[in-house]
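Peer 1: Just dropping this structure here.
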Amino acid sequence: MRILCTVTGKPSHARAMLPLARACAEAGHEVLVVVPPELTHVFAHEPVSVLGALPAPGSSSRVGPKLADTFRALLPVARDFGPALILRDGTEFAASFVGEELGVPHLPVPSGSGNVFDPALVLAPLNERRAEVGLPTTDDPHAIFRYGRLDCMPPDHSFIANPTPHTFAYRQPATVDRAERLPGWVAQLPTDKPLVVAAIGTALPQFKDLRPQDHNIPLDRWAKYNPTTLLNAMVAGLSRVDCVAVVATGGVPVEQERVAGNVHLVESFAQPLLLQCAQLMLTHGGYNSIRECVGAGVPMAVLPVFGDQPQNADRVEELGLGTRVRDVDAAEIAKGCEQVLQDPEFTRRARSAQRRMLALPSVADAVAELERVAAERSPLRGA
58 MRILCTVTGK PSHARAMLPL ARACAEAGHE VLVVVPPELT HVFAHEPVSV
108 LGALPAPGSS SRVGPKLADT FRALLPVARD FGPALILRDG TEFAASFVGE
158 ELGVPHLPVP SGSGNVFDPA LVLAPLNERR AEVGLPTTDD PHAIFRYGRL
208 DCMPPDHSFI ANPTPHTFAY RQPATVDRAE RLPGWVAQLP TDKPLVVAAI
258 GTALPQFKDL RPQDHNIPLD RWAKYNPTTL LNAMVAGLSR VDCVAVVATG
308 GVPVEQERVA GNVHLVESFA QPLLLQCAQL MLTHGGYNSI RECVGAGVPM
358 AVLPVFGDQP QNADRVEELG LGTRVRDVDA AEIAKGCEQV LQDPEFTRRA
408 RSAQRRMLAL PSVADAVAEL ERVAAERSPL RGA
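Under my numbering, read the sequence shown as residues 58 to 440, first letter to last.
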């Protein structure tokens with residue numbers, strides 16, 4: 058069958074879609090991925106077709122007027138392709154509109170803000186967009202989940218803030234890039250102290266040269282939460298902890314005087330692999346990072362910045378998988394990391410969550426369920 062996949066978010070959203078799109082293709086299905094041009098590289102060298110035909114969302118609202126433009130760009134592509142099923146990024150609503158127009162089942166793949174938005178709050182603006190493109194309006198806030206939704210966390214550890222019926226949880230593969238490996242120097246790191254992995258994700262580093270006044274960002278908030286301040290506070294905090302730390306900078310500059318001998322800076326690392334030998338992750342709280350930590354059984358210290366991250370940090374604390382760092386301050390960061398490292402209960406809970414994740418259906422099982430949804434035009438069989 059033919060499967061249409063759409064993503065308009067950050068590269069991390071595209072990487073969240075990739076394993077499922079790849080699995081569908083390897084099961085013999087014809088997969089077309091439609092994204093903004095700047096995301097096409099994520100799907101290069103994969104057994105899928107890629108088309109960079111969608112407008113980039115920029116800073117506009119996902120339910121604002123630009124949604125109609127995305128719908129108009131996507132609809133002719135979908136008509137020509139003739140999908141039996143549509144998979145979309147969690148807040149890529151144009152694809153659900155296309156599914157409604159063509160009478161094709163459509164499902165969201167979990168990612169970031171797609172997990173935490175309230176369907177009731179976007180009903181009115183989505184109806185405005187429906188009217189703009191000639192679709193009937195609806196009074197059902199869950200119309201965008203008519204066929205259910207996918208999740209990659211165990212049901213009792215889900216990060217979906219507003220649960221909906223017909224949620225099918227599956228186990229995302231541990232690594233996205235099958236060829237990735239750790240550099241040899243990692244094997245030479247001391248093993249007599251806990252290994253702490255730290256990163257601020259892939260989205261935040263892109264803002265390092267941003268001018269806050271051009272984006273209506275309050276200057277006091279930018280002074281505290283800009284990528285450079287955030288990363289330097291993390292490095293300074295880890296320099297105070299009795300650990301071995303590996304920090305991914307994402308190209309954000311670090312003040313060398315803040316870097317102690319126990320902290321190793323790299324521009325990037327194979328995070329899922331490094332987590333397999335880590336005792337803690339200091340993270341911004343992105344959904345993908347949290348999912349990877351649970352998959353590796355690694356507890357977290359979470360320093361959230363924006364989007365879904367604050368809610369994710371609170372959920373991590375609620376589940377006992379780690380602690381939320383309350384301030385962008387080296388002392389607070391060190392305190393949060395030490396709290397998790399010194400209390401074995403955090404590791405116990407993280408490993409319990411890991412076992413629950415390992416008991417989820419595989420990505421191959423997810424493909425089989427997608428085949429059934431497309432054939433029967435009925436919702437997912439889930440919680």
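Cβ atoms here follow ideal geometry from the backbone N, Cα and C, with glycine treated the same way.
What are the partner residues of F225, as DSSP defines its beta bridges?
Peer 2: Against the sequence shown, residue 225 aligns to sequence position 168. Beta-bridge pairing links F225 to L207.
Peer 1: Who does G379 pair with in a DSSP beta bridge?
Peer 2: Taking the sequence shown and counting its residues from 1, the one referred to as residue 379 is at position 322. Note: G379 sits in a beta bridge opposite M357.
Peer 1: Can you tell me which of the three DSSP states E441 falls into?
Peer 2: The displayed coordinates of the chain run from 58 to 440. Any statement about residue 441 would go beyond what the structure contains.
Peer 1: Name the one or two DSSP bridge partners that A305 has.
Peer 2: As a working mapping, residue 305 is identified with position 248 in the sequence shown. In DSSP, A305 forms a bridge with V323.
Peer 1: Here's a check: name, in chain order, each residue in its chain whose Cβ is nearer than 8 Å to the Cβ of R406, leaving out the five neighbours to either side.
Peer 2: Residue numbering aside, residue 406 sits at position 349 when the sequence shown is read from its first letter. Only P356, L376, G377, L378 meet the Cβ criterion.
Peer 1: Look at the alpha carbon of S419 and the alpha carbon of R268, and state the distance between them as a whole number of angstroms.
Peer 2: Here residue 419 corresponds to residue number 362 of the sequence shown, with the count starting at 1. Here residue 268 corresponds to residue number 211 of the sequence shown, with the count starting at 1. S419 and R268: Cα-Cα distance of roughly 44 Å.
Peer 1: With contact counted as at least three CB pairs below 8 Å, one residue from each stretch, are the region 76–91 and the region 169–188 in contact?
Peer 2: No, they do not touch.
Peer 1: For A423, count neighbouring C-beta atoms within 10 Å of its own C-beta (all shown protein chains included) and say buried if the count is 16 or more, exposed if not.
Peer 2: Taking the first residue of the sequence shown as 1, we reach residue 423 at position 366. Classification of A423: buried, given that the 10 Å Cβ count is 16 or more.
Peer 1: Using a Cβ-Cβ distance under 8 Å, would L159 count as near chain D?
Peer 2: Looking for chain D here will not work: only one protein chain is present.
Peer 1: Can you find the residues in the same chain that come closer than 7 Å, C-beta to C-beta, to T97, ignoring five residues on each side of it along the sequence?
Peer 2: Looking up residue 97 in the sequence shown gives position 40. Cβ within range, chain order: V107, G109.
Peer 1: Can you tell me which of E157, A255, F154 puts its alpha carbon nearest to the alpha carbon of L288?
Peer 2: Translated into positions along the sequence shown, residue 288 becomes position 231. Of E157, A255, F154, the residue nearest in Cα terms is A255.
Peer 1: Reducing DSSP to helix, strand and coil, say where D146 ends up.
Peer 2: Translated into positions along the sequence shown, residue 146 becomes position 89. Strand at D146.
Peer 1: Taking the alpha carbon of A431 as the reference point, which residue from P182, V351, P361, G160 has its own alpha carbon closest?
Peer 2: Within the sequence shown, numbered from 1, the residue matching residue 431 stands at position 374. Here the closest residue by C-alpha is G160.
Peer 1: Hey, would you say C394 sits closer than 8 Å to L331, going by beta carbons?
Peer 2: Here residue 394 refers to the residue found at position 337 of the sequence shown. Here residue 331 refers to the residue found at position 274 of the sequence shown. Contact flag unset, no.
Peer 1: Among L77, T259, C334, which has the Cα closest to the Cα of I143?
Peer 2: Along the sequence shown, read from residue 1 onward, the residue named residue 143 stands at position 86. Minimum Cα distance to I143 is reached at L77.
Peer 1: Decide if the region 257–264 is in contact with the region 202–215; the criterion is three or more beta carbon pairs, one per stretch, under 8 Å apart.
Peer 2: Segments in contact, no.
Peer 1: Between C300 and V253, is the Cβ-Cβ spacing less than 8 Å?
Peer 2: Against the sequence shown, residue 300 aligns to sequence position 243. Against the sequence shown, residue 253 aligns to sequence position 196. Cβ atoms of C300 and V253: closer than 8 Å.
Peer 1: Round the Cβ separation of A387 and A293 to the nearest angstrom and send it over; I've been treating them as touching at under 8 Å.
Peer 2: Counted from its first residue, the sequence shown places residue 387 at position 330. Counted from its first residue, the sequence shown places residue 293 at position 236. Their Cβ separation, rounded to whole angstroms, is 4 Å, which keeps A387 and A293 in contact under 8 Å.
Peer 1: Please determine, among M74, D365, A335, the residue with the shortest C-alpha to C-alpha distance to H341.
Peer 2: Here residue 341 corresponds to residue number 284 of the sequence shown, with the count starting at 1. Closest option to H341, Cα to Cα, is D365.
Peer 1: Does the distance from the C-beta atom of R119 to that of F150 stay below 8 Å?
Peer 2: For this step, residue 119 is matched to residue 62 along the sequence shown. For this step, residue 150 is matched to residue 93 along the sequence shown. Result yes, Cβ atoms of R119 and F150 sit closer than 8 Å.
Peer 1: How is A200 classed by DSSP in three states: helix, strand or coil?
Peer 2: Reading the sequence shown from its first residue, position 143 is the one you call residue 200. Looking at A200 - three-state DSSP - the assignment turns out to be helix.
Peer 1: Do Q229 and R412 have their beta-carbon atoms positioned less than 8 Å apart in this structure?
Peer 2: Start at 1 with the first residue of the sequence shown, and residue 412 comes out as number 355. Start at 1 with the first residue of the sequence shown, and residue 229 comes out as number 172. Taking 8 Å as the Cβ cut-off, R412 and Q229 do not qualify as a contacting pair.
Peer 1: Identify the continuous beta strand (DSSP E) that holds E87 and give its terminal residues.
Peer 2: Taking the sequence shown and counting its residues from 1, one reaches residue 87 at position 30. Where E87 is concerned, the enclosing beta strand (DSSP E) stretches over 87–91.
Peer 1: Roughly how many angstroms lie between the CA atoms of A226 and G205, to the nearest whole one?
Peer 2: For the purposes of this step, residue 226 is identified with residue 169 of the sequence shown, where counting begins at 1. For the purposes of this step, residue 205 is identified with residue 148 of the sequence shown, where counting begins at 1. Going from the Cα of A226 to the Cα of G205 covers about 11 Å.
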